[in-house]
Every structure is written in structure tokens, then in C-alpha cells.
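Residue numbers (this note's numbering): 243 to 729.
Note that the Cβ used here is the ideal one computed from N, Cα and C, for glycine as well.
Nothing here was measured: the structure is a model prediction, and the numbers come from that model.
What follows is one structure encoded as C-alpha cells, with my remarks underneath.
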């Protein structure tokens with residue numbers, strides 16, 4: 243971000259977070275947003291609930307004085323207007339009353355106010371360790387050579403072996419109180435930030451959907467070319483960078499073993515004597531259910547956007563958009579063709595032109611259909627028997643995923659002592675364990691991480707055994723593919 247005068251002036255006038263912090267009633271708005279959303283660990287609520295909370299906040303802030311003359315509904319409507327956008331007003335399903343979402347701009351303002359708090363203790367060790375760990379992960383996962391990765395893993399094994407030997411002798415290194423508080427501050431900061439990031443992720447997905455819709459609306463080629471442009475170029479909701487990040491996070495968050503482990507560790511953390519002494523954020527203590535709810539909301543948003551997008555590019559909508567573009571081009575052509583004519587000749591070209599005028603609509607009450615009560619169905623549930631479950635779920639547990647990291651490791655092992663290697667050589671040294679699925683995964687890994695060259699004159703024969711029938715051998719022929727590191 244640039245910190246020059248013009249950019250900051252523009253940001254001050256148009257950024258919703260800055261406008262909220264600079265608003266006349268900023269203390270009232272921020273206090274309300276914190277009590278209505280952050281304190282309760284939610285991001286959306288109906289208007290009736292929010293009105294009650296806002297009225298209580300106003301009464302406590304003014305002791306009954308008329309410092310804020312508008313009604314609670316008027317304030318909510320104003321704060322969700324296009325000029326403010328501190329809340330988002332929506333209607334959910336068939337609900338009669340509107341719902342309000344807290345926007346990322348409002349959450350950033352609350353996080354900024356939180357950051358102004360002066361801590362008696364500011365830890366730096368754990369932050370520095372986090373930086374080093376991130377740098378090590380990036381380096382080892384991208385540019386490190388196999389020898390460097392092996393050295394790092396051997397160092398980790400040596401450290402873990404020493405810790406294991408010390409633990410067997412009863413020599414367990416405990417964190418000091420300062421080290422615990424240092425790491426606890428880091429945990430609180432990241433936990434709060436992740437909760438507020440959920441709204442930013444959802445808005446990013448909506449902006450992505452808006453961009454795709456604009457591309458579709460302006461498209462003047464064939465529908466097949468449109469689908470290729472939108473879907474094959476990774477512009478779809480699920481295939482976008484934000485969509486893939488959400489999918490990876492969701493998979494990690496919903497891991498049953500990890501859920502139990504995280505909940506257990508959070509409970510143990512707040513039982514420590516050093517944590518009980520400090521004034522910690524009570525909302526962070528129950529942060530995991532908030533993560534689950536936020537992830538569920540994002541998944542529903544992704545599903546709804548994808549469903550709407552598929553509907554948007556169906557045959558009818560596509561043809562309607564094409565027809566609208568054709569009409570607009572016809573109008574532009576007529577305007578250009580007639581731009582040099584005088585007024586009389588121009589108007590003569592519109593002899594059949596007409597304007598629809600408003601007219602009264604007659605609505606007779608007695609012509610309306612009389613209400614017909616729905617027939618009540620009587621259900622006898624006195625003798626319900628439990629049915630036998632004859633489904634076989636064993637095959638669900640046989641499903642296995644291909645480890646892409648293992649495939650990349652196989653490729654880099656053979657590339658460590660040569661410039662390029664054929665895919666058939668890799669599969670010969672590391673036979674396919676999961677058949678055609680693993681072979682296809684190889685091509686996916688190659689496209690994303692390596693340079694590939696195809697020799698159309700040579701064919702390689704790939705052979706593997708079936709997982710379900712090990713005695714059955716399967717075979718396919720592919721053009722020879724040479725692989726080298728991306729430069």
C-alpha cells in the first residue's frame with residue numbers, strides 16, 4: 243500500500259473502515275457492533291434482535307437522555323446504506339423481516355480498536371519463532387534441494403530423539419510463565435483474526451462471482467467458448483485461489499481427530515494457573531464453535547454462488563443475453579447511420595414509433611380465488627417398527643486419496659542427478675499403487691510444478707495391477723513425456 247498524500251486522502255473519503263472510525267457516533271456504532279455480533283460470536287442476526295440490542299446500548303450510553311433521536315430501525319437502515327456499508331441488509335429464504343450481516347470493514351474497525359489496548363507484557367519470542375517456521379516451510383516446500391530436505395528431516399529426528407530420551411529419564415522441559423503468556427498472546431490474536439477473516443473470505447467469493455457474471459453478460463462468442471473460458475481457466479468459484487484455500491481449510495477444520503485435539507488443548511490452556519491470573523478475552527475461549535459456524539456459512543455461500551452461476555449460464559439466460567447485445571448493437575448502428583440526417587429526415591425514419599402510456603388496472607375483489615383449507619392427513623404412528631439396514635458401507639472405507647507430495651518427491655529424486663527424466667522411468671522405479679487415478683495425478687502435478695515436453699514419435703506402455711483384483715493387470719499407452727524442473 244502507498245502512503246502518499248493523495249492515496250491516503252482518497253482512502254479517508256471512500257474506505258468504509260476509515261469512515262466508521264471517523265463517524266460522529268463511532269463509539270455508539272462500535273459498541274453496538276461488538277455486543278450484537280462479536281461478543282455473541284455470530285455474523286448475522288434478524289432486525290428485531292438487533293433493534294432490541296441497539297435500544298439497550300443507547301439507553302445505557304445516555305441514561306435515558308435524548309442524545310440519539312432516531313429509532314433503532316432508522317439507525318440500522320442508515321448504517322447499511324450504500325454510503326456507509328457497515329452492515330449488509332438481506333432477506334433470508336422466506337423470512338418476513340430483514341437480516342443484517344456485519345461487514346469486513348466493520349470487523350477491521352473493531353480489530354483496530356482492539357489493537358490500541360496497551361498490554362503490560364508484549365511477547366516477541368513466539369512471533370520470531372513463527373516467522374522462522376514460516377520461512378523454513380516456504381523454503382523447504384519450494385526451492386530446497388533433496389539433500390537440504392534430508393538434512394532438515396535428520397535434524398528434526400535428532401531433536402525428537404533427544405527429547406524422547408530426556409522424557410524417558412523424567413527430564414521434561416516446561417515452559418516458564420513468561421513463555422506461556424508470550425504464546426497465549428499469539429493464540430488470542432490469531433484466533434480473533436481468523437474469525438474476522440471469515441467475512442472477508444465470503445465477500446471475496448461474492449466479488450469473484452460478480453466478476454464472472456460480468457464476463458458472461460458481455461460475452462459475444464459461442465456458449466462452448468464461454469464455458470471453456472470460465473471453467474477451464476480456473477475462474478470458477480471452487481477452482482479459484484480463494485475457493486481452493488477455503489476447501490483446504492475446511493478439510494483441516496472438520497478433521498474429527500483434529501477437532502477433539504484442539505478442543506482438549508483449549509480446555510487445558512484455560513486451566514493453567516498463569517492464564518487464570520490475567521484478564522483474557524472470554525470470546526476466544528469458545529472460539530472453535532465459531533470457526534465451525536463460520537466455515538459452514540462460507541460453504542453454504544460457495545454452494546449457493548456456484549448454483550446461481552450454473553443457472554446464469556444455462557441456455558435460456560445465455561440466449562437472452564445474446565439477444566440484448568444484438569438489440570443494443572442495432573440501436574447503435576441506427577444512431578450512427580442517421581447521425582448526418584436533419585431532424586425531419588431523422589423523424590421520418592420512425593413512422594411506426596410508439597410510446598406506452600400508463601393505464602389504470604381494474605382489480606375486482608370478488609374475482610379472487612376463495613381460500614381453500616389444506617386437507618389434514620392423519621398419520622398413525624403408534625406401531626412403528628425399526629427397519630433393517632441392508633446397505634453395505636464397506637466400500638466407503640476403501641476410498642483412498644493420492645498423495646501429491648509423494649509424487650513430487652518421486653519426480654525430484656530422479657531429477658536430482660540429471661536434467662530431465664521420462665515419466666515412464668519414474669513409474670518403472672515407483673510402480674502405480676492406485677492405478678489410473680495415480681497416473682492422472684502425475685499429470686496434474688506436472689502441469690502445476692514442472693516443465694514437460696512430449697515426444698510424439700515414441701509411445702510408452704504403462705502397466706499396473708487392479709486394486710480390487712490384484713491378479714488382473716491393466717495397461718495403457720501414452721506418448722513419451724519428458725520432465726524437467728521449471729526455470
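Which of helix, strand or coil DSSP assigns to residue i
{"i": "residue 720", "result": "strand"}
{"i": "residue 245", "result": "coil"}
{"i": "residue 672", "result": "coil"}
{"i": "residue 513", "result": "coil"}
{"i": "residue 328", "result": "coil"}
{"i": "residue 397", "result": "helix"}
{"i": "residue 259", "result": "helix"}
{"i": "residue 322", "result": "coil"}
{"i": "residue 508", "result": "helix"}
{"i": "residue 476", "result": "Confidence in residue 476 is poor, its pLDDT being 41 and thus under 50, which makes the residue's placement too unreliable to answer from."}
{"i": "residue 343", "result": "strand"}
{"i": "residue 707", "result": "strand"}
{"i": "residue 455", "result": "helix"}
{"i": "residue 538", "result": "helix"}
{"i": "residue 610", "result": "coil"}
{"i": "residue 378", "result": "helix"}
{"i": "residue 725", "result": "strand"}
{"i": "residue 638", "result": "Only weak support is given to the placement of residue 638: the predicted model assigns it a pLDDT of 48, under 50, and the value that follows is read from those uncertain coordinates. Note: residue 638 maps to helix in three-state DSSP."}
Between the CA atoms of residue j and residue i - distance to the nearest angstrom
{"i": "residue 538", "j": "residue 492", "result": "9 Å"}
{"i": "residue 259", "j": "residue 496", "result": "32 Å"}
{"i": "residue 409", "j": "residue 351", "result": "46 Å"}
{"i": "residue 323", "j": "residue 422", "result": "45 Å"}
{"i": "residue 476", "j": "residue 457", "result": "Caution is warranted here: a pLDDT of 41 is assigned to residue 476, below 50, making its placement in the model unreliable, and the coordinate value is therefore given only provisionally. Using only the alpha carbons, I get a separation of about 14 Å."}
{"i": "residue 276", "j": "residue 380", "result": "36 Å"}
{"i": "residue 294", "j": "residue 285", "result": "17 Å"}
{"i": "residue 724", "j": "residue 542", "result": "42 Å"}
{"i": "residue 679", "j": "residue 533", "result": "33 Å"}
{"i": "residue 608", "j": "residue 616", "result": "21 Å"}
{"i": "residue 425", "j": "residue 706", "result": "50 Å"}
{"i": "residue 530", "j": "residue 689", "result": "37 Å"}
{"i": "residue 498", "j": "residue 490", "result": "15 Å"}
{"i": "residue 356", "j": "residue 417", "result": "27 Å"}
{"i": "residue 520", "j": "residue 502", "result": "26 Å"}
{"i": "residue 659", "j": "residue 653", "result": "11 Å"}
{"i": "residue 695", "j": "residue 394", "result": "32 Å"}
{"i": "residue 605", "j": "residue 612", "result": "15 Å"}
{"i": "residue 511", "j": "residue 517", "result": "7 Å"}
{"i": "residue 305", "j": "residue 353", "result": "28 Å"}
{"i": "residue 548", "j": "residue 454", "result": "11 Å"}
{"i": "residue 569", "j": "residue 334", "result": "35 Å"}
{"i": "residue 320", "j": "residue 427", "result": "36 Å"}
{"i": "residue 401", "j": "residue 407", "result": "10 Å"}
{"i": "residue 574", "j": "residue 566", "result": "12 Å"}
{"i": "residue 291", "j": "residue 267", "result": "21 Å"}
{"i": "residue 523", "j": "residue 244", "result": "34 Å"}
{"i": "residue 651", "j": "residue 283", "result": "42 Å"}
{"i": "residue 253", "j": "residue 247", "result": "10 Å"}
{"i": "residue 228", "j": "residue 649", "result": "No statement about residue 228 is possible, as the shown extent of the chain runs from 243 to 729 and does not include it."}
{"i": "residue 375", "j": "residue 397", "result": "14 Å"}
{"i": "residue 392", "j": "residue 655", "result": "11 Å"}
Expected contact under 8 Å - CB spacing of residue i and residue j to nearest Å
{"i": "residue 331", "j": "residue 342", "result": "6 Å"}
{"i": "residue 340", "j": "residue 289", "result": "5 Å"}
{"i": "residue 344", "j": "residue 440", "result": "Not really, about 10 Å apart at Cβ, beyond 8 Å."}
{"i": "residue 299", "j": "residue 270", "result": "7 Å"}
{"i": "residue 274", "j": "residue 296", "result": "5 Å"}
{"i": "residue 726", "j": "residue 666", "result": "That pair is no contact at about 15 Å."}
{"i": "residue 256", "j": "residue 346", "result": "Contact flag wrong, Cβ pair sits at about 15 Å."}
{"i": "residue 262", "j": "residue 328", "result": "5 Å"}
{"i": "residue 693", "j": "residue 719", "result": "23 Å between Cβ atoms; not a contact."}
Practice problem: Just list the beta strand (DSSP E) runs in the region 276 to 304, keeping only unbroken ones of 3 residues or longer that don't cross its boundaries, in chain order. | Solution: 286 to 288
Quiz item: Are the region 374 to 393 and the region 303 to 316 touching, with three or more C-beta to C-beta distances below 8 Å?
Solution: no
Quiz prompt | Start-end ranges of the alpha helix (DSSP H) lying completely within the region 648 to 702, minimum 4 residues | solution = 665 to 671, 677 to 691
Practice problem: With a floor of 4 residues, list each alpha helix (DSSP H) that falls wholly inside the region 408 to 451, ordered by position along the chain. | Solution: none
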